[in-house]
Amino acid sequence: MMKDFSSYQAVTDQEVKSAIHHAVDIVKSSLPEFTHLFKKDASVDNFYKPESNDSWTTGFWTGQIWLAYENTNDDRYKQAADIQVKDFLRRIKEKQNVDHHDMGFLYSLSCVAAYKLTGNEMGKQAAILAADQLISRYQPVGEFIQAWGALGAADNYRLIIDCLLNLPLLYWASEVTGDDKYAHIAKKHITTSLKNIMRDDHSTYHTFFFNQETGEPLKGVTCQGYRDGSAWSRGQAWGVYGVALSYRYTKNPAYIPIFKDITNFFIEHLPQDLVPYWDFDFTDGSDEPRDSSAAAIAICGMLEMAKYMDKEDSEYYKDAALKMLKSLIDHYSVKDPSKSNGLILHGVYGKRSPYNTCGNSGVDECNTWGDYFYFEALTRLIKDWELYW
Ligand code: GLY
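Residue numbers (our numbering): 13 to 401.
In structure tokens, the structure reads:
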């Protein structure tokens, strides 16, 4: 069943240009504070504080600087991003806080971007080291990349849906090194993920556990969703864009109907303003917060996959994406830098519930990935954008 979007307006070229102008302005005014340091994962009262290159999220800020560079050709952005790329090389060489799966979020948007945009060899070297680090977390028993925790530990023998966004680093590494081992592991991981993480109604689990002796699938469990059986909206969005990205690299036709199933669940459960609450258990009338970042991620996934689908599907998902983006621009984006140094408001990093395992963090705040994906979506509409992924 397709959702009826006929009462919504698609974003216009002029609105996209104006939104890019605001986004670039915020990146520009952030550079003095955030060149040698990074924007922390989520804002406090809509303003980011600085942090060193330590968390899983710092690449989103470097990615925004690269997007500003692409949109302006102004060398000041390249200079700032290059400083950060150098620090990403240091970080992976020193193995500073890289014992987790988020190498793609960190290194695709900073270092692969640097290599693709400017031929930066330091970026290439760092990103290949990050790909090596990522495949070191592959578990042949169960055939997945372990997201978090000590390798092989029973209490963390699981994959998480977010990891689909880390796979493009592996496809890219195979392309540039000519060594198929990275792509091989990426394909194993997505196969195991899709087999286990999708429910019959096409909603998704956040994380899925396996038996570490036999690899047998055990159970789906949430960390950041409302409850184990609900659809955490950002997790569903990771599914939308993650499947699109694996399709881009593998052209596996099986991913097309899977993309449609995951995306249709997302679209059909959207509230009136087309920006989801932080979990799809909540909809219009709830006083729970939205997660604007989930909308931004899903928009990028739909714009990417629309490139490969038949005309009817392509038009449907592109139209949906343009209408969701209009809502983000009109109701969530920051137009006045005195109000926030983020690009979009009203995201949720994690919100505690009686049934999940995360604490409250970045609730109804900006987050750097929401900003990044919003800016990526805008950039996709202004030019034939070559992906950093
Ligand atoms: N990948 C972690 C998150 O989406 O919060």
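Even for Gly, the Cβ is constructed at its ideal location relative to N, Cα and C.
Where the beta strand (DSSP E) containing residue i begins and where it ends
i, result
"arginine 170", "170–172"
"serine 373", "373–377"
"lysine 231", "229–233"
C-alpha distance - residue i paired with residue j, whole-angstrom precision
i, j, result
"glycine 154", "tyrosine 81", "42 angstroms"
"glycine 75", "lysine 51", "12 angstroms"
"tyrosine 367", "glycine 232", "13 angstroms"
"threonine 380", "threonine 69", "7 angstroms"
"lysine 363", "glycine 190", "42 angstroms"
"isoleucine 140", "alanine 185", "6 angstroms"
"phenylalanine 220", "aspartate 86", "44 angstroms"
"histidine 48", "asparagine 65", "9 angstroms"
"phenylalanine 156", "proline 265", "21 angstroms"
"glutamine 137", "valine 255", "26 angstroms"
"leucine 163", "arginine 149", "7 angstroms"
"leucine 286", "threonine 216", "19 angstroms"
"proline 349", "serine 41", "8 angstroms"
"tyrosine 238", "histidine 196", "33 angstroms"
"glutamine 151", "tyrosine 361", "28 angstroms"
"lysine 272", "leucine 179", "20 angstroms"
"phenylalanine 46", "glutamate 324", "43 angstroms"
"serine 30", "tyrosine 183", "34 angstroms"
"alanine 125", "glycine 71", "10 angstroms"
"alanine 318", "serine 326", "4 angstroms"
"glutamate 316", "tryptophan 401", "11 angstroms"
"serine 308", "tyrosine 328", "Correcting the residue identity first, residue 308 is alanine in this sequence and not serine. Roughly 17 angstroms between the two C-alpha positions."
"glycine 116", "histidine 34", "27 angstroms"
"tyrosine 320", "phenylalanine 387", "22 angstroms"
"aspartate 174", "serine 305", "13 angstroms"
"isoleucine 104", "threonine 262", "27 angstroms"
"isoleucine 32", "aspartate 240", "38 angstroms"
"tyrosine 289", "lysine 128", "35 angstroms"
"tyrosine 119", "lysine 200", "21 angstroms"
"isoleucine 95", "leucine 399", "21 angstroms"
"valine 188", "phenylalanine 294", "43 angstroms"
First through last residue of the alpha helix (DSSP H) which encompasses residue i
i, result
"glycine 359", "Taken as a continuous stretch (DSSP letters only), glycine 359 belongs to no alpha helix (DSSP H), being part of the beta strand (DSSP E) at 359–362."
"threonine 203", "193–209"
"threonine 219", "That residue, threonine 219, is in no alpha helix (DSSP H); its beta strand (DSSP E) goes 219–222."
"glutamate 45", "Unbroken run through glutamate 45: none, as it is neither H nor E."
"aspartate 383", "380–394"
"aspartate 99", "87–106"
"tyrosine 328", "323–343"
"lysine 272", "267–280"
"proline 180", "179–189"
"glutamine 76", "70–84"
"tyrosine 367", "Neither: tyrosine 367 is in no alpha helix (DSSP H) and is coded neither H nor E."
"threonine 24", "Segment: none, threonine 24 is in no alpha helix (DSSP H) and carries neither H nor E."
"alanine 126", "125–130"
Bridge-paired residues (DSSP) for residue i
i, result
"glutamine 151", "Phe156"
"serine 120", "Looking at the DSSP assignment, serine 120 forms no beta bridge with any residue, so it has no partner."
"aspartate 291", "Trp244"
"glutamate 63", "Phe50"
"arginine 403", "Only positions 13 to 401 of the chain appear in this structure, which leaves residue 403 out of reach."
"threonine 216", "Met210"
"valine 110", "According to DSSP, valine 110 bridges with nothing at all."
"valine 56", "Phe59"
Whole-Å CB distance - residue i paired with residue j, under 8 angstroms assumed
i, j, result
"histidine 214", "proline 301", "With a Cβ gap of about 24 angstroms, histidine 214 and proline 301 do not count as contacting."
"aspartate 322", "phenylalanine 17", "Between phenylalanine 17 and aspartate 322 the Cβ distance is about 18 angstroms, and since that is not below 8 angstroms, they are no contact."
"tyrosine 259", "tyrosine 253", "About 11 angstroms; that fails the 8 angstroms criterion."
"leucine 43", "arginine 88", "7 angstroms"
"proline 283", "aspartate 296", "5 angstroms"
"glycine 354", "cysteine 370", "Between cysteine 370 and glycine 354 the Cβ distance is about 21 angstroms, and since that is not below 8 angstroms, they are no contact."
"valine 36", "asparagine 83", "6 angstroms"
"serine 352", "serine 55", "7 angstroms"
"isoleucine 341", "glycine 382", "That belief does not hold up - the Cβ atoms of isoleucine 341 and glycine 382 are roughly 13 angstroms apart, past 8 angstroms."
"tyrosine 177", "leucine 79", "Sequence check: residue 177 is leucine here, not tyrosine. Between leucine 79 and leucine 177 the Cβ distance is about 17 angstroms, and since that is not below 8 angstroms, they are no contact."
"tyrosine 384", "leucine 121", "7 angstroms"
May I ask you to verify whether the segment 94–109 touches the segment 164–177, counting CB pairs closer than 8 angstroms and requiring at least 3? no
If we count Cβ pairs, one from each stretch, closer than 8 angstroms, do we get three or more for the segment 220–232 versus the segment 267–278? no
Count the C-beta pairs between the segment 94–102 and the segment 54–61 that are closer than 8 angstroms, then say yes if the count reaches three, no if not. no
Specify whether the segment 193–212 and the segment 335–343 touch according to this definition: at least 3 beta carbon pairs, one from each stretch, less than 8 angstroms apart. no
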